[in-house]
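Novice: Using numbering that gives the first Met the number 0, read the sequence shown as starting at 0 and increasing by one per residue.
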Amino acid sequence: MVRNHCGVWARTMVVAVLALSGGLIGISVQAKAQAPAAVLQTVTLTALPAQGRDMMALIEKGGPFKYDKDGTVFGNREKFLPARQRGYYREYTVRTPGESSRGARRIVCGGQQPRAPDACFYTDDHYASFRQIVQ
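(1) Skipping 5 residues on each side, what residues in its chain have a beta carbon closer than 6 Å to that of H125?
(2) Roughly how many angstroms lie between the CA atoms of M55 and I106, to the nearest whole one?
(3) G61 and V93: beta carbons closer than 7 Å?
(4) Assign T122 to one of two classes, buried (16 or more other C-beta atoms within 10 Å of its C-beta) or exposed (fewer than that).
(5) With the cut-off set at 7 Å, would you say D117 and Y91 are in Cβ contact?
(6) Would you call G97 buried or exposed, if buried means 16 or more other Cβ atoms sit within 10 Å of its Cβ?
(7) Could you give the first and the last residue of the continuous alpha helix (DSSP H) run that contains A118?
(8) Under DSSP, the alpha helix (DSSP H) around G109 begins and ends at which residues?
(9) Tell me which residue opens and which closes the alpha helix (DSSP H) that R52 is part of.
(10) So, at 7 Å on beta carbons, what are the nonlocal neighbours of Q131 in its own chain, with the 5 sequence-adjacent residues on each side left out?
(11) Along the chain, where does the beta strand (DSSP E) that runs through V133 open and close?
This is the structure in structure tokens:
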């Protein structure tokens, strides 16, 4: 009798643990599926600093660019920008008056044609945040 009672108890516990586990997994999957995608703030082209507007014009012309890194592939390692294949994004320096180095300001554009990008993004804090450039 005791043995049978323990077997029923053990089966009941296994069923309870499985049910609870399934519920928790279901909750985490559901929560993950409902999590909002990161929404980038925007900045208008006219609201960019003058050097940013100048760089956008240079991007459309295809250069010439002052820094060797301008126009090189941006890896999006921070994953703040929408996920795309490697080589989709390119970075450009936005000159900072009085700064002797490249500074922290950049424009990152994505697309198959660098002179006609699908989208461009501005950062003034060296990739810690981005705003999508809109007209």
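Beta carbons: idealized from backbone N, C-alpha and C, even for Gly.
Specialist: So, from the data block:
(1) As a position in the sequence shown, residue 125 is number 126, starting the count at 1. Same-chain partners within the cutoff: A103.
(2) Locating residue 55 in the sequence shown gives position 56, where the first residue counts as 1. Locating residue 106 in the sequence shown gives position 107, where the first residue counts as 1. So the two alpha carbons sit approximately 8 Å from each other.
(3) Residue 61 sits at position 62 when you count from the first residue of the sequence shown. Residue 93 sits at position 94 when you count from the first residue of the sequence shown. Cβ atoms of G61 and V93: not closer than 7 Å.
(4) Position 123 of the sequence shown, counted from the first residue, corresponds to residue 122. Buried, since its Cβ has 16 or more Cβ neighbours within 10 Å.
(5) Your numbering for residue 117 matches position 118 in the sequence shown. Your numbering for residue 91 matches position 92 in the sequence shown. Contact: no.
(6) Within the sequence shown, the letter at position 98 stands for residue 97. That one is exposed.
(7) As a working note, residue 118 is residue 119 in the sequence shown. Per DSSP, A118 belongs to no alpha helix (DSSP H); it is in the beta strand (DSSP E), 118-122.
(8) Reading the sequence shown from its first residue, position 110 is the one you call residue 109. Here G109 belongs to no alpha helix (DSSP H); instead the beta strand (DSSP E) covers 105-109.
(9) Residue 52 sits at position 53 when you count from the first residue of the sequence shown. Unbroken alpha helix (DSSP H) run through R52: 49-60.
(10) On the sequence shown, residue 131 is found 132 positions in, with the first residue counted as 1. Excluding positions up to five away in sequence, the list reads L39, T41, A118, F120.
(11) By 1-based counting over the sequence shown, the position of residue 133 is 134. Looking at the DSSP string, the run of the beta strand (DSSP E) that includes V133 is 130-133.
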